[in-house]
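Protein chains: 2
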Amino acid sequence: MSGTSEKVYVEIIKKIKSIIEEDDLQAGDKLPSERELTDRLHVGRSSVREALRSLELLGLIETRRGEGTFIKPATGHRLVEVLASFILHDQKARQDLLETKSIIIRDCIELAVQRVRPEDIEYLNVLIREIERTEHDRDVQQLILRFQESVIKLCNNHLLYRLWVELSDYGLSVHQHSFLLHSGECSQLLEHLKNGDSKNVIQLMSQTM
Amino acid sequence: MSGTSEKVYVEIIKKIKSIIEEDDLQAGDKLPSERELTDRLHVGRSSVREALRSLELLGLIETRRGEGTFIKPATGHRLVEVLASFILHDQKARQDLLETKSIIIRDCIELAVQRVRPEDIEYLNVLIREIERTEHDRDVQQLILRFQESVIKLCNNHLLYRLWVELSDYGLSVHQHSFLLHSGECSQLLEHLKNGDSKNVIQLMSQTM
DNA sequence: AGGTCAATGGTGGTCTGACCACCAAAAAAG
DNA sequence: CTTTTTTGGTGGTCAGACCACCATTGACCT
Numbered sequence: 002m003s004g005t006s007e008k009v010y011v012e013i014i015k016k017i018k019s020i021i022e023e024d025d026l027q028a029g030d031k032l033p034s035e036r037e038l039t040d041r042l043h044v045g046r047s048s049v050r051e052a053l054r055s056l057e058l059l060g061l062i063e064t065r066r067g068e069g070t071f072i073k074p075a076t077g078h079r080l081v082e083v084l085a086s087f088i089l090h091d092q093k094a095r096q097d098l099l100e101t102k103s104i105i106i107r108d109c110i111e112l113a114v115q116r117v118r119p120e121d122i123e124y125l126n127v128l129i130r131e132i133e134r135t136e137h138d139r140d141v142q143q144l145i146l147r148f149q150e151s152v153i154k155l156c157n158n159h160l161l162y163r164l165w166v167e168l169s170d171y172g173l174s175v176h177q178h179s180f181l182l183h184s185g186e187c188s189q190l191l192e193h194l195k196n197g198d199s200k201n202v203i204q205l206m207s208q209t210m
Numbered sequence: 002m003s004g005t006s007e008k009v010y011v012e013i014i015k016k017i018k019s020i021i022e023e024d025d026l027q028a029g030d031k032l033p034s035e036r037e038l039t040d041r042l043h044v045g046r047s048s049v050r051e052a053l054r055s056l057e058l059l060g061l062i063e064t065r066r067g068e069g070t071f072i073k074p075a076t077g078h079r080l081v082e083v084l085a086s087f088i089l090h091d092q093k094a095r096q097d098l099l100e101t102k103s104i105i106i107r108d109c110i111e112l113a114v115q116r117v118r119p120e121d122i123e124y125l126n127v128l129i130r131e132i133e134r135t136e137h138d139r140d141v142q143q144l145i146l147r148f149q150e151s152v153i154k155l156c157n158n159h160l161l162y163r164l165w166v167e168l169s170d171y172g173l174s175v176h177q178h179s180f181l182l183h184s185g186e187c188s189q190l191l192e193h194l195k196n197g198d199s200k201n202v203i204q205l206m207s208q209t210m
């Protein structure tokens, strides 16, 4: 048979994946209810819940009591939180993390300088002007974070971008705070980017742990 | 307070983490049984199971029927595995995957040529000799795969190595078969490695999808 | 005494049924 | 037409019951 040895909740995860594909469900869409899945898949509700809770912890779905289960836009927050707290205990692992993140940043930037388009430059410019005329520190930090993310995104490789996000979150959970650029550095960075000077962009972005 | 609003199974995950820290449990050690956790934490067994199944899907623990639940060595990023199987459906995603893998290989090799030690060279030499005198194709492929893994491992960064493993697995699940070096190429690669010629090593390893 | 094998208790795996809290849409009241 | 109440569906949790599996025990035979 198709895997009697496979645990039911893992099978259910696969089935859910199939349902998503067949019905072409997008982020935000509602999944069948737990009880409906129980009937459709001929399994117990507890098994369905084990599958759903797992996917929830991974950040792939979101459950709202009294409403239902929904597909989340792909960002693996929860997972990072949990993994980090479980895994990042020994020093070597942390060191590897920092090195890897630094490398990923370099990779992203190298692609970014090749692929950056005029409209990207323009968007970053808008962001910088917005940063300069914003007052509250909280808001400024928010904008700078968006600036940094936008720079990384220029690599135009979603997987690589996601890796950066994950690694950043790990670092965050380790250091309890993130390292942001100063607003002046954002302008410098943009200049280097316009000139295709990847080296200096990398140097600046590498400060952003 | 400690989160009455927080879902029970998330609370349980935190408690489990506490138990691991307090009892100083290491990889391979056994966790309390589901029923014992039920008693100790004053929650239902199903909630305990939802927590454990989630951690299992994350690859943090391993459950063996009839034996118990055990802490897994921190291989980490099962994240990519599950996420990717959900996400990797459109063409762009696959393209990103290939590009990312190619980049990660390059990164690993660049670190590897810096960090390779004489005993590593010796080990790879032993592998090659073993490959040359092995007859069955199946066994040869096994050895070549080990050779390739060993080369990547030379980067001495476990996280980066794991990323490569994950990305390779996806490629595998996409293309249904893996691309291995020929036995002659293994020798060439080792020569380039000895000479610190990262460029040629990268070129060879990049064939291994 | 040594080895073999069946009984036993503990473990995870699964299903069922029963509540509860919550939410949204339908129905009733104004 | 608006407001309020009811109602049905949803996830959240618990308790109990089996089953399958494993390791240990201990009785049994040689």
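Chains as they are written, first to last, in this note's numbering: chain A, 2 to 210; chain B, 2 to 210.
C-beta atoms are modelled at their ideal positions from N, C-alpha and C, and glycine is treated no differently.
What residues in its chain sit with their C-beta under 7 Å from that of residue i, if we drop five residues either side in the sequence?
| i | result |
| --- | --- |
| B:Leu-61 | Lys-73 |
| B:Leu-146 | Leu-181 |
| B:Val-117 | Leu-155 and Leu-194 |
| B:Thr-101 | Leu-168 |
| B:Met-2 | Note on B:Met-2: pLDDT 40, under 50, position unreliable in the model; no value is reported. |
| B:Gln-177 | Residue placement at B:Gln-177 cannot be trusted, given a pLDDT of 49 that sits under 50; what the coordinates show is reported in the next sentence. Excluding residues within five positions, none has a Cβ falling inside 7 Å. |
| A:Asp-97 | none |
| A:Gln-189 | Leu-205 |
| B:Gly-197 | Val-114 |
| B:Ile-203 | Ile-106, Arg-107 and Ile-110 |
| A:Ser-207 | Ser-103 and Ile-106 |
| B:Gly-4 | For B:Gly-4, the predicted structure reports a pLDDT of 41, less than 50, and the residue's modelled location is therefore unreliable. The matter cannot be settled from this model. |
| A:Asn-1 | The structure shown does not extend to residue 1 of chain A, since chain A is modelled only from 2 through 210, so no value can be given for it. |
In terms of DSSP beta bridges, what is residue i paired with?
| i | result |
| --- | --- |
| A:Thr-70 | A:Thr-64 |
| B:Lys-31 | B:Phe-71 |
Span of the alpha helix (DSSP H) holding residue i?
| i | result |
| --- | --- |
| A:Arg-54 | 46-58 |
| A:Leu-194 | 184-195 |
| B:Val-11 | 9-23 |
| B:Asp-198 | No alpha helix (DSSP H) holds B:Asp-198; DSSP gives it neither H nor E. |
| A:Arg-130 | 119-133 |
| B:Ser-151 | 138-154 |
With a threshold of 6 Å on Cβ separation, who are the neighbours of residue i within its own chain once the five nearest residues in sequence on each side are excluded?
| i | result |
| --- | --- |
| B:Lys-154 | Tyr-162 |
| A:Phe-71 | Lys-31 and Glu-63 |
| B:Arg-46 | Glu-35 and Thr-39 |
| B:Ser-199 | Ile-110, Glu-111 and Val-114 |
Alpha carbons only, please: which of the options is nearest the one belonging to residue i?
| i | options | result |
| --- | --- | --- |
| A:Glu-7 | A:Gln-115, A:Thr-39, A:Asp-121 and A:Ser-48 | A:Ser-48 |
| B:Glu-37 | B:Lys-16, B:Ile-110, B:Val-114 and B:Gln-189 | B:Lys-16 |
| A:Asp-40 | A:Glu-57, A:Arg-66 and A:Ile-13 | A:Ile-13 |
| B:Tyr-124 | B:Gln-149, B:Leu-112 and B:Arg-50 | B:Gln-149 |
| B:Ala-52 | B:Thr-64, B:Tyr-10 and B:Arg-66 | B:Tyr-10 |
| A:His-159 | B:Ser-55, B:Arg-54, B:Lys-93 and B:Gly-45 | B:Lys-93 |
| B:Glu-120 | B:Val-44, B:Leu-191, B:Arg-66 and B:Lys-200 | B:Leu-191 |
| A:Gly-29 | A:His-43, A:Arg-50, A:Arg-65 and A:Arg-54 | A:Arg-65 |
Looking only at its own chain, which residues have a Cβ that is under 8 Å from the Cβ of residue i, when we skip the five neighbours before and after it?
| i | result |
| --- | --- |
| A:Val-141 | Ile-132, Thr-135 and Ser-184 |
| A:Trp-165 | Lys-102, Ile-105, Ile-106, Cys-109 and Ile-153 |
| B:Ser-34 | Gly-69 and Thr-70 |
| B:Leu-128 | Leu-144, Arg-147, Phe-148, Ser-151 and Cys-187 |
| B:Leu-112 | Leu-155, Cys-156, Asn-157, Asn-158 and Leu-161 |
| A:Ser-55 | Tyr-10 and Ile-14 |
| B:Ile-122 | Leu-191, Leu-194 and Lys-195 |
| A:Asn-126 | Leu-191 |
With a threshold of 7 Å, establish whether the CB of residue i neighbours any heavy atom of the ligand COA.
| i | result |
| --- | --- |
| B:Arg-95 | What this structure holds is no ligand at all, so the ligand COA is not there to describe. |
Worksheet item: Is the region 17-26 of chain A close to the region 18-31 of chain B, with three or more CB pairs under 8 Å?
Response: no
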